[in-house]
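What follows is a set of notes on a single structure, which appears directly below.
Now the structure itself:
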C-alpha cells in the first residue's frame, strides 16, 4: 500500500510538470488569489481586462500575463505582489496600491530572498512606495517596465523605483522610472548589470553603496537632483551614460576604487559635472563634461587616477583641486605600436597652438593657481579678485609656474573634443522622454 501511494505521488508530480496549463483568470473577489492557489507549477495565468484584488503571494513557479487593462490593486498596506518561488514571470500587468511603510519595504512587486530567475517585464508599476523590491533574489531580470512613484509623500518618505539588496546576477534594463527618492538604489549587491534605463524627477537617478563588480551602461538621467552616484565600491564599470540638466552632480564618486568611467556625458549640469572624493586607482577616459559650475572637483585624497581623452567644455571652473601634490593628467601607459603613451584632455578655455599637428597643444594646461586655492579656503577673498595685487600674483604665476604650490597639470592637452562622450546607439534615447502608463 505504501509503495502504491508513492507511485501515485510520482505520477501526479510528473503530470503537473509536463501538463502545464494556460488558465484564464476571470473577474471576482479573490479570483486571482484562488487561481494562484489551485494552479499547478508551470501554469500560465492569463488575466482579463478587469481589476484583481491584492495583495497576492506567488509561492510556486507560475507565469502571470496581463491584457491591455489588467490591474492588480492593493489595499494600501504591505506589498501588492510578492514572489516567493523560483521561475516566476510577471508580464503586462498594472500594479498599484502598496502600503507606505519604508521600514517594511512596501512595494508594488517584491522578489523574495533566495528566489531564482524571476522575470518582471513590461509592467506598469504605478503609485507604490517602492516599485520593484529585489530583496536577495538571484539571477532576476527587471525589464521594460514603467515605474512611477507616489506623489503624496515628502521626498524623505518616498521609496525607490527599483530597490536592490544582495541580488547577484541581476539584470535591470529598458525601464522608465519617474518620481520618488532614487530611480535605482543598490545596497550591498554585487555582480549586476544596469543598462538602457531612463530616469527623471528623482533625488538620485542611480545610487549604489557597497556594490562591487557592477556594470552601468547607456542609462539616461534627466532633470534629477543628482545623476549617477557610486559609493564605497570597487570594480565599477560605467560607460556611455548621459546626465542632462541634473541640479547638483552628474557623476559622483565617494570611496570608489579600481573602477572605469568611459564615454559618459554630463550636459547642462548644475554645481559639478564630476565629483571625486577619496577615490583612487580609477580610470576616467573619453567623458564629456559640459556646462557646469565646476567641471571636476577632486578632494579627500583622490589620487592615482588616470584622466585621458576627456573633454571639459564651457564649465565656469574647469577643475577644483585643493592639494600640495602635482597631479599629472596626461600620463597613461604606452600602447603597443605607439611611440608615446601620453595623451591629455580637451579644455575649452585653453588657448594654445599645435605647430607639429599631432592633435595636442604645444603648451601645458594648468587650470588653477594660488588665487583659486585662497578663494576656495577663504570665500570672502572673492572681494579682492579685481585688486591690482591679486592680478599681479596671477600674472607672476602664469609666467613662472614654479611658484605654484601644487595642483593639476595636463602636459599634453588635446586640441579637439572629438571622441569624448557616449558612443552612438543603434536606437538612440529621446532625451525628452515621458513615461507612459499613468492612470
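In the numbering used here, the protein residues as written are 880 to 1318.
Each residue gets a CB set at the ideal place from its N, CA and C atoms; glycine is no exception.
query, result
"Residue 972 versus residue 1004: straight-line alpha-carbon distance, rounded", "8 Å"
"8 Å contact criterion, which residue 939 and residue 957 should meet: CB distance rounded", "Wrong, their Cβ atoms sit about 20 Å apart, outside the cutoff."
"Local Cβ density within 10 Å of residue 1155, reported as buried at 16 or more and exposed below that", "buried"
"Check whether residue 1188 and residue 1170 have beta carbons under 8 Å apart", "no"
"Cβ neighbour criterion (16 or more within 10 Å) applied to residue 1163", "buried"
"Proximity of residue 962 and residue 990 at Cβ, strictly below 8 Å", "yes"
"Per DSSP, the bridge partner or partners of residue 1151", "1128, 1173"
"8 Å Cβ cutoff met for residue 1101 and residue 1079", "yes"
"Own chain, CB closer than 7 Å to residue 1216, minus 5 neighbours either side, in chain order", "Because the pLDDT of residue 1216 is 44, which lies under 50, any placement of that residue in the model is unreliable, and the number read from its coordinates should be weighed accordingly. Cβ within range, chain order: n/a, list empty."
"Through-space distance from residue 919 to residue 1140, alpha-carbon basis", "47 Å"
"Contacting residues, own chain, Cβ-Cβ under 8 Å from residue 1104 (five flanking each side not counted)", "1081, 1082, 1083, 1125, 1126, 1127"
"Nearest-angstrom Cα separation, counted from residue 1150 out to residue 1245", "21 Å"
"Inter-residue spacing [alpha-carbon to alpha-carbon] between residue 1043 and residue 1035", "18 Å"
"Pairwise C-alpha distance: residue 1046 and residue 1213", "Only weak support is given to the placement of residue 1213: the predicted model assigns it a pLDDT of 45, under 50, and the value that follows is read from those uncertain coordinates. Between residue 1213 and residue 1046, the C-alpha separation is close to 38 Å."
"Within 8 Å, strictly: CB atoms of residue 1058 and residue 1038", "no"
"Cβ distance (whole Å) where residue 1115 is taken to contact residue 1145 below 8 Å", "Going by Cβ atoms, the distance from residue 1115 to residue 1145 rounds to 17 Å, so no, they are not a contact pair."
"Through-space distance from residue 1237 to residue 1179, alpha-carbon basis", "35 Å"
"Closest residue to residue 1161 among 1174, 1142, 1138 (Cα-Cα distance)", "1138"
"Between the CA atoms of residue 1122 and residue 1071 - distance to the nearest angstrom", "21 Å"
"Residue(s) in a DSSP beta bridge with residue 1074", "1052, 1096"
"Which listed residue (1223, 1177, 1113) has its alpha carbon closest to that of residue 1204", "1177"
"Reference residue 954, options 908, 941, 1033, closest by Cα", "908"
"Distance, residue 1026 Cα to residue 921 Cα", "27 Å"
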